[in-house]
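Line by line, the protein sequences give chains A and B.
Residues in the first sequence are numbered from 11 upward in steps of one, following this note's numbering.
Residues in the second sequence are numbered from 11 upward in steps of one, following this note's numbering.
2 protein chains.
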Amino acid sequence: MQHNRRKFLSKAALALAATGASAALLPASAADAPANNLFVHHVYFWLKNKDSKEDKAKLLEGLQALSKVKTIKMFHIGQPADTNRDVIDRSYALSWLLMFDNKVAQESYQVDPIHLDFIKAYSHLWERVVVYDSVDA
Amino acid sequence: MQHNRRKFLSKAALALAATGASAALLPASAADAPANNLFVHHVYFWLKNKDSKEDKAKLLEGLQALSKVKTIKMFHIGQPADTNRDVIDRSYALSWLLMFDNKVAQESYQVDPIHLDFIKAYSHLWERVVVYDSVDA
């Protein structure tokens, strides 16, 4: 399952060996960086107090603590960029992007005590949550 | 801008040096893998012909071609996982997750000839597109 991911990262390591430069660890382009064999879990949060910077900061703090769950492979805590076109939804307060190695790792995250504590401590802050779970097409 | 990302990858390289095992290229946990300084562009597509496997395959083919745009740092083409809870939206056909180094790279992607060709050749397939653009919170 991790095979392709290893292959990608091995490419990066080879590039490092070849040049000795840390920047070379990054693939030159996406052609070298397909993310395969992933479980992508993307959550968007809308706050009850839409304009409360304080509540947003609290939720951010909660997500930072949540990121410690061991089965998470990569995470990104986001907020709307300043792009603005018809198709763009920029009404959410925070975006919580997670990558897992597989479905089992995601299931483990759902029941992880850190995740359960997060829900207990922070769910009063949000009005709406939308989740998109995606696996390789 | 790439500083933190480099730092993460350097950690991975150090882990490799320490163990000599390719698996060590992967961070042990998310604590080692925050994705910082990113522009995350996540697009969800709903097809006009909802149940057409043929149209879904066509769009997938289009996205694979689109992934060649040079400014894309990482991409993942997804479809709904088999998770199913109230908060999960699993009605879309395909998910198109992109990571860019910054806003400028994303803007460049929007006007890249490969992207314009993609829209011309494939937009007749979808009924609805929702885009979430996120930057570090």
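Here a beta-carbon is modelled for each residue, glycine too, at the ideal position from N, C-alpha and C.
If you're wondering where the values come from, they're calculated on a predicted model, not measured in any experiment.
- Within a 10 Å sphere around the beta-carbon of Leu-126(A) sit fewer than 16 other beta-carbons, which makes this residue exposed.
- Against Lys-113(B), the close residues of chain A are Ala-91, Asp-92, Thr-93, in the order they occur along the chain (beta-carbon pairs closer than 9 Å).
- Under the DSSP definition of a beta bridge, Arg-138(B) partners with Trp-56(B).
- Looking at the DSSP output, Leu-107(B) shares a beta bridge with His-52(B), His-86(B).
- Distance from the CA atom of Lys-113(B) to the CA atom of Leu-108(A), rounded to whole angstroms, is 21 Å.
- In this chain, the alpha helix (DSSP H) harbouring Lys-68(A) covers 63-76.
- Below the 8 Å Cβ cutoff, chain B contributes Pro-90, Ala-91, Thr-93, Ile-98, Arg-100 as neighbours of Asp-143(A), in chain order.
- Apart from the 5 residues on each side of it in sequence, Val-145(A) sits with its Cβ closer than 8 Å to the Cβ of Leu-48, Phe-49, Val-50, Lys-113 in its chain, given in chain order.
- With a threshold of 7 Å between beta carbons, Ala-147(B) makes contact with chain A.
- In the structure shown, the three-state DSSP call for Asp-122(B) is coil.
- Checking the DSSP bridge columns, you'll see Val-145(B) partnered with Gln-89(A), Phe-49(B).
- Here the alpha carbon of Phe-128(A) sits roughly 15 Å from the alpha carbon of Ser-118(A).
- At a cut-off of 7 Å, the C-beta of His-86(B) has a neighbouring C-beta in chain A.
- As DSSP reads the structure, Ile-98(B) sits in a beta bridge with Val-141(A).
- For the 7 Å CB-CB criterion, Val-141(B) and Ile-98(A) form a contact.
- Close to Phe-49(B), with beta-carbon spacing below 8 Å, are these residues of chain A in chain order: Ala-91.
- The residue from Trp-106(A), Val-79(A), Ser-101(A), Tyr-54(A) with its alpha-carbon nearest to that of Val-121(A) is Val-79(A).
- When rounded, the separation of the alpha-carbon atoms in Ser-62(A) and Leu-69(A) is 11 Å.
- Annotation: Cβ neighbours of Leu-104(A) in chain B (cutoff 9 Å, chain order): Ser-144, Ala-147.
- The DSSP-derived three-state label of Lys-80(A) is coil.
- By the rule that beta-carbons nearer than 7 Å mark a contact, Val-139(B) touches chain A.
- Between the beta-carbon of Leu-73(A) and that of Leu-104(A) there is about 7 Å, and that keeps the pair under the 8 Å contact cut.
- The shortest C-alpha to C-alpha distance from His-134(A) to any of Pro-123(A), Ala-45(A), Tyr-54(A), Asp-65(A) is the one to Asp-65(A).
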